[in-house]
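In what follows, a single structure is set out as structure tokens and then discussed.
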Amino acid sequence: MLRAPALQEIEGGGGRLSTLAAHLRAAPHPVRLVLGLMNDRKASSEEIFRVLRLFPGAASRVEFAHGEHDLEESVRESLAKYRAEDMERHPDPLAEAREVIEAVRPLLSGRGLLSVKAVAGTFGVPWTRLASSLGTTKQAVNKTPDAAALQSALRPYERVARLRAVLTREGGFQAWLNRPNPHLDDHTPLELIENGRVEVVADLVEGMLTGTPT
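Heads up: the sequence shown begins at 2 in our numbering, then just goes up one per residue.
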């Protein structure tokens, strides 16, 4: 915050303002400068323009306040803007984690373990076929669909299902699974999964979610 009786005094700031302008431009975080004018006379647009020209490349970070009441309001508003912009720059990783947790929840049993039947239902394939591809039997799955011995083999399916965190439209995940994909030589993801190449699809999804698709 910079206080002055009027804009004319600020215009005469010279080198001091140049230093402030350089700081505003270089700041990696969303710094804002409030110019507090102690008189209550509202400045004209031309006067404001002349002052903003003293802050090249940082004019959008400069706020004006006329009088003590205006100054208090402007400082509060600037702090709120700072918080909002800072949040945009540093999104809540816990919120992102919650989205992923919700995306894979349908794959889990009541014990919180990956379940063959739940995974099959989410991917839209018969659970007996999935059981066969995992090298287990129908009898074993019927007895314990979330067996500890199957968790490692089911993990790639969980990685693929994380895509549900962004494909939130009803049926969006199923549509993606059944759509030819240029990153998979125009095969559908489900084709590769059913041919025992679920790891390839899992790597693709991981790349999509991190912004580096292969």
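A virtual CB, placed ideally from N, CA and C, is assigned to each residue, including glycine.
Roughly how many angstroms separate the alpha carbons of residue i and residue j, rounded to a whole number?
i	j	result
residue 65	residue 46	12 Å
residue 204	residue 154	15 Å
residue 210	residue 151	25 Å
residue 139	residue 121	13 Å
residue 188	residue 161	16 Å
residue 50	residue 182	53 Å
residue 114	residue 60	54 Å
residue 20	residue 43	26 Å
residue 26	residue 58	6 Å
residue 118	residue 167	23 Å
residue 212	residue 62	30 Å
residue 36	residue 23	16 Å
Less than 7 Å between the beta carbons of residue i and residue j, yes or no?
i	j	result
residue 165	residue 104	yes
residue 198	residue 147	no
residue 101	residue 163	yes
residue 193	residue 202	yes
Please name the residue or residues paired with residue i in a DSSP beta bridge.
i	result
residue 188	182
residue 59	Paired residue(s): none; residue 59 is not in a bridge.
residue 66	37
residue 164	Beta-bridge pairing links residue 164 to no other residue.
residue 109	115
Please name the residue in the options whose C-alpha comes closest to that of residue i.
i	options	result
residue 135	125, 116 and 123	116
residue 185	167, 208, 173 and 172	208
residue 131	35, 190 and 195	195
residue 124	99, 173 and 48	173
residue 106	48, 137, 159 and 34	159
Inset, instruction - Could you tell me whether the stretch 139-152 touches the stretch 165-181, using the rule of 3 or more Cβ pairs below 8 Å? - result: Proximity of the stretch 139-152 to the stretch 165-181 falls short of the contact definition, fewer than three beta-carbon pairs being nearer than 8 Å.
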